[in-house]
Amino acid sequence: MNEFWIDDRREHRVVREVMQAVMSSGSAEDISRHFAPGAVFSSRSNAGVIDAPWFGRMEGEYRLASQNEARAFLSELMKRARYISFETRGILVDGESAASRCDWTRQDESDGSLVTGTTMYWFSFTSDGRIRSVETVASVHSVIPARRDLPEAV
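Those letters in the sequence shown? Residues 49 to 202, per the numbering used here, in order.
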């Protein structure tokens with residue numbers, strides 16, 4: 049029975065570390081070691097119309113053949129995902145699977161608008177505790193247009 053608790057704690061720690069790095073533009077070098085060769089990263093969102101240029105570039109399914117590919121992919125993901133604030137809303141671990149939810153706010157790089165949303169993360173682990181797959185589904189809740197310069201009062 050203790051073995052399962054040890055595995056769950058390790059997977060919980062890995063999920064927390066990956067979430068923290070991705071959401072705070074941390075180091076891809078630090079977290080790429082957690083990905084097994086051939087790991088799959090899949091990302092979808094409802095942002096097609098609202099924020100297409102940003103989300104469209106990173107949506108889809110990516111097979112990370114090696115640690116170097118994982119590092120390159122994660123570096124690019126972190127470059128494009130600059131969050132102003134985020135809050136992890138829990139991490140659940142069940143055997144070789146885990147799930148997490150994160151609420152976030154970010155600034156759109158093209159027009160400066162603020163975008164708020166939630167992303168669900170599902171992790172699948174290998175028997176040795178490395179990440180086999182990550183699936184994300186993001187939902188944009190609101191877009192607050194950037195404030196335009198108002199004409200000065202006369």
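Beta carbons are placed, not taken as given, at the ideal position from N, Cα and C, and that holds for glycine.
All values derive from a computational prediction rather than experimental measurement.
| Item | Value |
| --- | --- |
| CB of F121 within 8 Å of CB of Y131, strictly | no |
| 8 Å contact criterion, which S187 and G160 should meet: CB distance rounded | That belief does not hold up - the Cβ atoms of S187 and G160 are roughly 22 Å apart, past 8 Å. |
| Beta-carbon gap between W170 and M71 smaller than 8 Å | no |
| Contact the stretch 56-66 vs the stretch 84-93: 3+ CB pairs below 8 Å | no |
| Three-state secondary structure assigned by DSSP to R57 | helix |
| 4 or more residues per run - each alpha helix (DSSP H) lying fully within the stretch 76-146 | 76-80, 100-106, 115-128 |
| Closer than 7 Å: R130 CB and nearest the ligand ADP heavy atom | The ligand ADP is not part of the structure shown, which contains no ligands of any sort. |
| Extent of the continuous beta strand (DSSP E) run through A186 | 179-192 |
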